[in-house]
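A short write-up of the structure that comes next.
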Amino acid sequence: MSRHRFIRLNDLLLTLFVALCLNAPVQAGISVPFSTAVSTVLKTVSDTGDSGPQTGPGETPAPPIIEEKKAGNSADEPAPAPAVAIESLAGIEPAALPLGERLVFRATVEWKGAQVLVGHLELGSFHDENNTTVLHARGKGDRFGYTIDQQITSRLDRSSGQPIAYTNVQRGSEHHTKQLDFKEDKITYSRREHCRDPKCKDKNHEVAEVEWKGPIPWGTRSKHCGDRDCGTAAHELWVTKKVHEVDEPYVDLLTSIYVARTASFPEDGSPMIIPAVNDDHRWLVEVRQMQQKELTVSEGTYDAIELSLTPLASDGDAKKRFKGLFGIHGTLRVWIDSVTRKPLLIQGTLPISVLDLKARIELISTGDAEIIKLRRASTQKALMDQSAERPR
6 MSRHRFIRLN DLLLTLFVAL CLNAPVQAGI SVPFSTAVST VLKTVSDTGD SGPQTGPGET
66 PAPPIIEEKK AGNSADEPAP APAVAIESLA GIEPAALPLG ERLVFRATVE WKGAQVLVGH
126 LELGSFHDEN NTTVLHARGK GDRFGYTIDQ QITSRLDRSS GQPIAYTNVQ RGSEHHTKQL
186 DFKEDKITYS RREHCRDPKC KDKNHEVAEV EWKGPIPWGT RSKHCGDRDC GTAAHELWVT
246 KKVHEVDEPY VDLLTSIYVA RTASFPEDGS PMIIPAVNDD HRWLVEVRQM QQKELTVSEG
306 TYDAIELSLT PLASDGDAKK RFKGLFGIHG TLRVWIDSVT RKPLLIQGTL PISVLDLKAR
366 IELISTGDAE IIKLRRASTQ KALMDQSAER PR
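The numbering of the sequence shown is my numbering, which starts it at 6 and goes up by one.
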């Protein structure tokens with residue numbers, strides 16, 4: 006069977022990263038006033054109720070054990086915190102992120118009645134020596150003839166929580182290297198590509214070419230490499246693709262954790278809106294709280310909250326497709342721990358050719374992020390040393 010009929014692992018991994026970034030809070034957090042910009046954003050969101058029925062996890066082998074109860078219905082439970090507000094990133098508490106935490110997930114798809122392992126994913130956060138906070142996400146997989154090793158890193162100012170830089174590096178069957186650079190009023194999106202400037206004088210971009218006299222080779226000369234598929238990383242440079250002019254607190258996908266873990270849902274059940282930038286597009290991610298359940302996953306049993314995630318184009322264009330959720334059919338469901346807010350289980354349907362495959366991403370272990378900190382620099386360098394445009 007040809008490869009295109011199977012799931013593209015990078016879509017699944019990006020879906021997980023987005024879901025991990027947007028695991029929204031259900032307990033008290035900080036509250037700041039709405040800004041005019043965010044109030045305008047909220048007006049663009051539909052006031053219709055929850056999308057789709059409030060269903061539990063899909064039927065799969067060894068399903069999670071679930072005892073359902075409506076969120077917030079118990080008289081013994083605390084009332085939801087005041088309405089979420091995102092006025093500026095300065096109001097985000099850096100301490101809200103559980104630094105030093107390492108979460109590992111198993112990603113599977115249902116294929117012919119069985120759960121097929123497609124990869125593992127890792128999420129962590131820690132401080133580094135440059136007065137920055139590092140958010141880390143990595144996914145590796147090899148299935149159906151498709152391989153992937155993807156590492157996403159977000160750096161934030163340690164004191165303010167402001168995003169500084171975001172890098173997305175993927176190697177395997179497909180290659181790309183992308184970054185976002187955050188300034189006060191603009192966000193610059195760049196990709197690493199093979200140099201195409203015929204007037205370039207960089208000696209690192211040159212290759213040796215044989216000179217001929219008739220049919221006889223007559224030495225060599227240097228010339229600028231014009232083969233974008235040469236596979237030589239030294240021939241590549243950063244190319245600016247788009248500059249986002251912003252006056253709202255847009256964040257990258259991983260930095261959204263700060264927003265989601267320090268803000269709170271409105272008491273009236275309205276969704277939380279997180280403005281996020283992904284490459285050359287900006288999105289308003291609508292996060293709705295659905296229901297509360299007791300959920301058992303491989304890592305343990307938790308009192309969990311079910312969330313639905315819906316990305317909306319910031320310009321109102323309903324035809325745009327969010328790359329991080331590309332391929333998800335219907336509503337993406339995410340279950341998070343009601344106390345720590347860490348993601349526990351993510352499920353959705355992925356249409357592959359004429360098939361609909363159920364994806365299941367489950368927490369399998371927690372640990373110390375020190376191991377990530379120790380090996381991250383070497384693994385990222387190994388990925389970056391490979392060409393971003395090697396022959397596919």
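Even glycine gets a Cβ: it sits at the ideal position worked out from N, Cα and C.
Going by other Cβ atoms of all chains shown within 10 Å of its Cβ, with 16 needed for buried, is GLU82 buried or exposed? The sequence position of residue 82 within the sequence shown is 77, counting from 1. Only weak support exists for where GLU82 lies, its pLDDT of 38 falling under 50; the coordinates are left without a value.
Where DSSP assigns a beta bridge to ARG143, which residues make up the other side? Counted from its first residue, the sequence shown places residue 143 at position 138. ARG143 is bridged to GLU127 and GLN156.
If you follow the beta strand (DSSP E) that PHE187 is in, where does it begin and where does it stop? Here residue 187 refers to the residue found at position 182 when the sequence shown is read from its first residue. 181-187 is the span of the beta strand (DSSP E), which, as asked, contains PHE187.
What do you get for ARG365, buried or exposed, if any count of 16 or more other CB atoms within 10 angstroms of its CB means buried? Here residue 365 refers to the residue found at position 360 of the sequence shown. Classification of ARG365: buried, given that the 10 Å Cβ count is 16 or more.
Answer with buried or exposed for ALA213, where buried requires no fewer than 16 other C-beta atoms within 10 angstroms of its C-beta. As a working mapping, residue 213 is identified with position 208 in the sequence shown. By the 10 Å Cβ count, ALA213 comes out exposed.
Looking only at its chain, what residues have a beta carbon closer than 7 Å to the beta carbon of THR137, apart from the 5 residues adjacent to it on each side? Residue 137 sits at position 132 when you count from the first residue of the sequence shown. The residues are ARG160, LEU161, ASP162, ARG163 and ILE169.
Enumerate in chain order the residues of its own chain whose CB-to-CB distance from ARG143 is below 6 Å, with the five nearest sequence positions on each side excluded. For the purposes of this step, residue 143 is taken as the residue at position 138 of the sequence shown. Cβ neighbours of ARG143 beyond the five flanking positions: GLU127 and GLN156.
What's the gap between the Cα of ASP342 and the Cα of ILE192? Numbered from its first residue, the sequence shown carries residue 342 at position 337. Numbered from its first residue, the sequence shown carries residue 192 at position 187. Their backbone Cα atoms lie some 32 Å apart in a straight line.
Taking the alpha carbon of HIS125 as the reference point, which residue from TRP340, LYS378, PRO276 and GLU367 has its own alpha carbon closest? Here residue 125 refers to the residue found at position 120 when the sequence shown is read from its first residue. For the residues TRP340, LYS378, PRO276 and GLU367, the minimum Cα distance to HIS125 belongs to GLU367.
Determine the DSSP secondary structure at ASN283, reduced to helix, strand or coil. Translated into positions along the sequence shown, residue 283 becomes position 278. In the structure shown, ASN283 sits in a strand (DSSP, three-state: E or B).
Quick one, which of GLU311, LYS378, ARG287 and GLY305 has its alpha-carbon nearest GLN297's? Here residue 297 refers to the residue found at position 292 of the sequence shown. Cα-wise, what sits closest to GLN297 is GLU311.
For GLY372, collect the residues of the same chain with a Cβ closer than 7 Å to its Cβ; drop the 5 residues on either side in sequence, then sort them by chain order. Residue 372 sits at position 367 when you count from the first residue of the sequence shown. Correct list, in chain order: ARG107.
Whole-angstrom C-beta distance between PHE131 and VAL139, which should lie under 8 Å: By 1-based counting over the sequence shown, the position of residue 139 is 134. By 1-based counting over the sequence shown, the position of residue 131 is 126. So it is a contact: roughly 6 Å between Cβ atoms.
Taking the alpha carbon of THR225 as the point to measure from, which residue in THR245, GLU216, LYS378 and GLY305 has its own alpha carbon closest? Stepping through the sequence shown from its first residue, residue 225 is reached at position 220. Selected option, being the one with the closest Cα: GLU216.
Contact check, LEU337 vs GLY353, beta carbons under 8 Å: Taking the first residue of the sequence shown as 1, we reach residue 337 at position 332. Taking the first residue of the sequence shown as 1, we reach residue 353 at position 348. In this structure, GLY353 lies closer than 8 Å to LEU337 by Cβ.
For GLY129, which of LEU104, LEU349 and GLY150 has the nearest alpha-carbon? Taking the sequence shown and counting its residues from 1, one reaches residue 129 at position 124. Nearest option by C-alpha distance: LEU104.
As assigned by DSSP and simplified to three states, the class of GLN59: Translated into the one-based positions of the sequence shown, residue 59 becomes position 54. For GLN59, the predicted model reports a pLDDT of 37, less than 50, meaning its position is unreliable; a value from the coordinates is still stated below. If DSSP states are grouped into helix, strand and coil, GLN59 belongs with coil.
Would you give the residue range spanned by the beta strand (DSSP E) that ARG197 belongs to? For the purposes of this step, residue 197 is taken as residue 192 along the sequence shown, with counting starting at 1. Counting along the chain, the beta strand (DSSP E) containing ARG197 begins and ends at 191-199.
Could you check whether SER261 and ILE278 sit closer than 8 Å to each other, using their CB atoms as the reference points? Taking the first residue of the sequence shown as 1, we reach residue 278 at position 273. Taking the first residue of the sequence shown as 1, we reach residue 261 at position 256. No; because the gap between Cβ atoms is not below 8 Å, this pair is not in contact.
Are the beta-carbon atoms belonging to ASP284 and LYS188 less than 8 Å from one another? As a first step, residue 284 must be located in the sequence shown, where it is residue number 279. As a first step, residue 188 must be located in the sequence shown, where it is residue number 183. Not in contact: ASP284 and LYS188 (Cβ atoms no closer than 8 Å).
Here's the rule: buried if 16 or more other CB atoms are within 10 angstroms of the residue's CB, otherwise exposed. What is PRO293? Working through the sequence shown from its first residue, we reach residue 293 at position 288. Sequence check: residue 293 is Arg here, not Pro. The residue in question, ARG293, is buried, as its Cβ has 16 or more Cβ neighbours within 10 Å.
Let me check one thing: in DSSP terms, what residues is HIS132 bridge-paired to? Your numbering for residue 132 matches position 127 in the sequence shown. Paired residues: THR138.
Would you say THR158 and HIS180 are within 8 Å of each other, going by their C-beta atoms? Residue numbering aside, residue 158 sits at position 153 when the sequence shown is read from its first letter. Residue numbering aside, residue 180 sits at position 175 when the sequence shown is read from its first letter. Cβ atoms of THR158 and HIS180: not closer than 8 Å.
Based on the DSSP secondary-structure assignment, which residues constitute the bridge partners of MET295? By one-based count along the sequence shown, residue 295 stands at place 290. Answer is none; MET295 lacks a bridge partner.
Sort out for me which residues DSSP pairs SER227 with in a bridge. As a first step, residue 227 must be located in the sequence shown, where it is residue number 222. In the DSSP output, where bridge partners are listed per residue, SER227 has ALA213.
Could you spell out the range, first to last residue, of the beta strand (DSSP E) harbouring GLU311? Counting from one through the sequence shown, the residue named residue 311 turns up at place 306. Taken as a continuous stretch (DSSP letters only), the beta strand (DSSP E) holding GLU311 covers 305-318.
Going by the DSSP bridge assignment, what does GLU272 pair with across the sheet? Within the sequence shown, residue 272 is the residue found at index 267, counting from 1. Per DSSP, none; premise fails for GLU272.
For ALA382, count neighbouring Cβ atoms within 10 angstroms of its own Cβ and tell me buried if that reaches 16, exposed if not. Working through the sequence shown from its first residue, we reach residue 382 at position 377. When all chains shown are included, ALA382 counts as exposed.
Is any non-hydrogen atom of the ligand ADP found closer than 7 Å to the C-beta of ASP232, if you look at the structure I gave you? The ligand ADP is absent from the structure shown, which contains no ligand whatsoever.
Measuring only the C-alpha atoms, how far is PRO203 from GLU211? Within the sequence shown, the letter at position 198 stands for residue 203. Within the sequence shown, the letter at position 206 stands for residue 211. When rounded, the distance between both Cα atoms is 11 Å.
What is the rounded straight-line gap between the Cα of ALA374 and the Cα of PHE110? Along the sequence shown, read from residue 1 onward, the residue named residue 374 stands at position 369. Along the sequence shown, read from residue 1 onward, the residue named residue 110 stands at position 105. Roughly 14 Å between the two C-alpha positions.
Measuring only the C-alpha atoms, how far is THR152 from VAL251? Residue mapping note: residue 152 aligns to position 147 of the sequence shown, counting from 1. Residue mapping note: residue 251 aligns to position 246 of the sequence shown, counting from 1. Between THR152 and VAL251, the C-alpha separation is close to 36 Å.
Exposure label - GLU414; buried when at least 16 CB within 10 Å: Absent from the structure is residue 414, since the part of the chain shown begins at 6 and ends at 397.
Residue from THR113, LYS228 and LEU259 whose Cα sits closest to the Cα of CYS205: Here residue 205 is taken as the residue at index 200 of the sequence shown, counted from 1. Minimum Cα distance to CYS205 is reached at LYS228.
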